[in-house]
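In my numbering, the protein residues as written are 1 to 361.
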């Protein structure tokens, strides 16, 4: 019997030994010059890895990715805006919900499950007075990666303020914040950063900072003016998840020492490609032909997807991601982020092959 559990979900994911060791340490007091220097290094490396434009700033928010999604909506838009929202699944729908909560006028481009955004769908809204666009560049619930070049071209043509949720795509897929003209980028600690959940991260270009400084978000905890002003001294306005910020620092430094963001993306891509090549021998269909390196979404041909998730967990000590939104029996997802290897892929493939021999697939 295998006793070591193997995590192929898309968050929280497996952490490397250095990150786990930090998690065992006593959390230090944080209003110190030493912690401020650590936070400034975190900001520097985040800006570098996101290829952010000159003058961009980073806000480290204690909260899940949704906290930073809400902060971006509340701080960067007002009821005088008119935004487009790409909704291809659970997280695109979350942007829609946030726009509704904050009374931001919006129009939703609703996509079919597993389908990517097409030029025809997007350009129906060309020249119609929109002021912003919200997109989860990788719709984690379906595994679809949208074409950032297409979206960037449209936003430039229409002078739209672009917010990119890159929570599950950052460090997995190539992204150049300055190059694509994104004004805001969002990510989280528990995805490819491979740290515990609890910190989400917002990168703001200079235009986004101007919007933040001139808007009233109607709340205190998510007011990015406070985050920006405190960040100037390497601090946060309220008590942050100190331990996770130390772990993020270790992980960012590890990526830097291992060759930087491009090397990390190549590593994740190699894991994804290896898995996708070998899974073709088993009775699954890919949900999309436009996939992020972060995750592979699969549709079983013969059995319930949720039964596969359950059997892998209970009988093989392997976690993969179930799906929601009425898709629990149709789709499951295999992540390629975190502290994983080709050998781990082999263990999962062998478990699925054994299930096939047992007539469980």
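Note that CB positions come from ideal geometry on N, CA and C, so glycine has one too.
Keep in mind the model is a prediction, meaning the values are calculated, not measured.
Determine the extent of the beta strand (DSSP E) in which residue i is found, giving its start and end residues.
i, result
"residue 131", "Run containing residue 131: none; DSSP gives neither H nor E here."
"residue 231", "Note, residue 231: premise wrong, no beta strand (DSSP E); alpha helix (DSSP H) at 224-231."
"residue 332", "332-335"
"residue 161", "161-165"
"residue 204", "199-204"
"residue 60", "57-62"
"residue 300", "295-300"
Express the C-alpha separation of residue j and residue i in angstroms, rounding to a whole number.
i, j, result
"residue 361", "residue 352", "8 Å"
"residue 278", "residue 272", "10 Å"
"residue 108", "residue 255", "37 Å"
"residue 175", "residue 54", "16 Å"
"residue 304", "residue 357", "17 Å"
"residue 343", "residue 163", "37 Å"
"residue 323", "residue 306", "8 Å"
"residue 5", "residue 308", "16 Å"
"residue 267", "residue 80", "43 Å"
"residue 291", "residue 32", "43 Å"
"residue 261", "residue 166", "14 Å"
"residue 73", "residue 99", "7 Å"
When you compare the CB positions of residue i and residue j, do they come within less than 9 Å of one another, or not?
i, j, result
"residue 340", "residue 8", "yes"
"residue 200", "residue 67", "yes"
"residue 137", "residue 150", "no"
"residue 83", "residue 133", "yes"
"residue 328", "residue 202", "no"
"residue 61", "residue 282", "no"
Grab me the residues of residue i's own chain with a C-beta within less than 6 Å of its C-beta, minus the 5 sequence neighbours each way, in chain order.
i, result
"residue 38", "249"
"residue 2", "Confidence in residue 2 is poor, its pLDDT being 44 and thus under 50, which makes the residue's placement unreliable; the coordinate value appears in the next sentence. Only 317 meet the Cβ criterion."
"residue 246", "22"
"residue 264", "171 and 255"
Contact defined as beta carbons within less than 8 Å: I believe residue i pairs with residue j. What is the distance between those atoms, to the nearest angstrom?
i, j, result
"residue 187", "residue 170", "4 Å"
"residue 181", "residue 241", "Not really, about 31 Å apart at Cβ, beyond 8 Å."
"residue 114", "residue 288", "4 Å"
"residue 75", "residue 217", "5 Å"
So the alpha helix (DSSP H) residue i belongs to, where does it begin and stop?
i, result
"residue 342", "342-357"
Going along the chain, which residues of its own chain have a beta-carbon closer than 8 Å to the beta-carbon of residue i, five neighbours each way excluded?
i, result
"residue 121", "109 and 111"
"residue 252", "41, 42, 45, 46, 49 and 193"
By Cβ distance, which residues of its chain are closer than 7 Å to residue i, with the 5 residues on each side in sequence left out?
i, result
"residue 90", "141, 324 and 325"
"residue 335", "8, 9, 10, 13, 294, 295 and 321"
"residue 230", "236 and 237"
"residue 78", "215"
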